[in-house]
Amino acid sequence: MTAHSWGDRVRTVARGIGELFVTVSVVLLLFVVYELWVTDLINQYKQRELTNALTAQWERGDDPIAPHSGDQFPKVDIGAGIALIRMPRLGDDYVRVIVEGTTREALDDGPGHYVSSALPGEVGNFAVAGHRGGKGSPFDDVDRLKAGDAIIIETRDSYFVYRVLGDVDSGDPTVPGVDGLVGRQIVDASQTTVVNPVPGEPGVAPHRRLLTLTTCQERYLSLERMIIHAELDGQAWPKSDGLPPAMRDA
Numbered sequence: 404m405t406a407h408s409w410g411d412r413v414r415t416v417a418r419g420i421g422e423l424f425v426t427v428s429v430v431l432l433l434f435v436v437y438e439l440w441v442t443d444l445i446n447q448y449k450q451r452e453l454t455n456a457l458t459a460q461w462e463r464g465d466d467p468i469a470p471h472s473g474d475q476f477p478k479v480d481i482g483a484g485i486a487l488i489r490m491p492r493l494g495d496d497y498v499r500v501i502v503e504g505t506t507r508e509a510l511d512d513g514p515g516h517y518v519s520s521a522l523p524g525e526v527g528n529f530a531v532a533g534h535r536g537g538k539g540s541p542f543d544d545v546d547r548l549k550a551g552d553a554i555i556i557e558t559r560d561s562y563f564v565y566r567v568l569g570d571v572d573s574g575d576p577t578v579p580g581v582d583g584l585v586g587r588q589i590v591d592a593s594q595t596t597v598v599n600p601v602p603g604e605p606g607v608a609p610h611r612r613l614l615t616l617t618t619c620q621e622r623y624l625s626l627e628r629m630i631i632h633a634e635l636d637g638q639a640w641p642k643s644d645g646l647p648p649a650m651r652d653a
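404 is the number of the first residue of the sequence shown in the numbering used here; add one for each residue after it.
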C-alpha cells in the first residue's frame, strides 16, 4: 500500500469518526432539549386539560375519590385527575393536578397517587410520586420544604392541610420524631416501604394520617429517592368555610 493510499484511508476513518461524534452530539443535544423543554410544554398542556376536566367533574357534583366504606376503593381510571396539590413554600401559584397511578404515562402528566395507598385525610399514608426533572418537574424543589411547611391537598369538598415532619423550631425536616419518622430522607430506589401505611414498617397497622411524596434524589437520573413525610394538621377544612389559614396566610 502506498503512502498516499494509506493517508487517504486514515483520513476517511478520521472523517467517519468525526461525523459519528457530531451525530451523537446532535442526538444528545436534541434529547436534552426534549427532556428540558418539550416535555415541560407537553406537561403544561396536559395539566390544563386535567384541571379543566377535574373542575368540571367537581361542578357536576362528582368526586372521583368520594368517601367509601371498608377497603372498597373508588374506581378511578389510571391517569385521571383526583385532587390538587399546593405547596406555598414553592410559590403562591404552585398547584398541580394529582393523577391516579404511578405508571410512566401517568407520571408524564403529573404527580401520581400510589393506587394502593390511602386517600387524602384517611388514616394511613396518602403517597404521591412525581418527577424532579422534565415532564413539568412537579417535585423539582421539594428539597426546599422545611419542617412545619404546609402541603395542601384539595378535593371537591375539602382542603387537607398536611405539615412536613421534623423540628419545627429550627425548620429542619431531617430531625426524627418520637417514632423515628423524619420529614425528609434519602433512600435507595428499591426501598418501597416508605409508602407503606406506616412508612418503613411492613404489616404494621396505621394510626396516623400521613402524606408521603417520593421523587428522584438527583434530577433526570438517580438510583436514590428523596422522600418527604408530612402529617395531617387537624381535620379536613370544608370548602364551605372558605380558604384554610394555611392558604390565606401564605
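All C-beta atoms, glycine included, are put in the ideal place defined by N, C-alpha and C.
Keep in mind it's a predicted model, so treat the numbers as computed, not measured.
Compute the distance between the beta-carbons of residue i and residue j, then report whether it is under 8 angstroms.
| i | j | result |
| --- | --- | --- |
| Leu453 | Val502 | yes |
| Val500 | Gly515 | no |
| Glu557 | Ala486 | yes |
| Arg489 | Ile555 | yes |
| Thr596 | Gly603 | yes |
| Ala509 | Gly482 | yes |
| Val585 | Ser520 | no |
| Gln450 | Gly513 | yes |
Helix, strand or coil, according to DSSP, for residue i in the structure here?
| i | result |
| --- | --- |
| Met650 | helix |
| Pro605 | coil |
| Arg587 | strand |
| Asn528 | strand |
| Asp443 | helix |
| Asp512 | helix |
| Glu634 | strand |
| Asp570 | strand |
| Asp546 | helix |
| Val597 | helix |
| Thr506 | coil |
| Leu457 | helix |
| Val435 | Residue placement at Val435 cannot be trusted, given a pLDDT of 47 that sits under 50; what the coordinates show is reported in the next sentence. Correct three-state label for Val435: helix. |
| Arg451 | helix |
| Leu493 | helix |
| Gly645 | coil |
What are the partner residues of residue i, as DSSP defines its beta bridges?
| i | result |
| --- | --- |
| Thr618 | Met629 |
| Trp640 | Tyr562 |
| Ile554 | Tyr565 |
| Arg499 | Ile488 |
| Leu613 | Asn528, Glu634 |
| Asp575 | Asp570 |
Please name the residue, chosen from the options, that lies closest to residue i on a Cα-to-Cα basis.
| i | options | result |
| --- | --- | --- |
| Cys619 | Gly537, Asp560, Asp572 | Gly537 |
| Asp480 | Tyr497, Pro491, Thr505 | Thr505 |
| Val526 | Ala639, Val585, Gly645 | Ala639 |
| Pro641 | Asp560, Gly464, Gly583 | Asp560 |
| Asp582 | His610, Asn455, Ala469, Asp495 | His610 |
| Arg622 | Leu444, Ser540, Pro467 | Ser540 |
| Arg651 | Ser573, Gly574, Asp496 | Asp496 |
| Ile630 | Asp572, Ala530, Ser573 | Ala530 |
| Ser625 | Ser643, Asp465, Ser593 | Ser593 |
| Pro523 | Glu462, Gln450, Asp466 | Asp466 |
| Tyr517 | Asp644, Ala456, Glu627, Pro600 | Pro600 |
| Asp737 | Gly580, Ile468, Phe542, Pro576 | Limits of the chain in this structure are 404 at one end and 653 at the other, which puts residue 737 out of reach. |
Since residue i and residue j are thought to touch, with beta carbons under 8 angstroms apart, how far apart are those beta carbons, to the nearest angstrom?
| i | j | result |
| --- | --- | --- |
| Thr615 | Asn528 | 5 angstroms |
| Tyr565 | Leu635 | 5 angstroms |
| Arg547 | Leu493 | 7 angstroms |
| Pro491 | Ala553 | 6 angstroms |
| Val578 | Asp570 | 4 angstroms |
| Asn446 | Asp511 | 7 angstroms |
| Ala633 | Leu613 | 7 angstroms |
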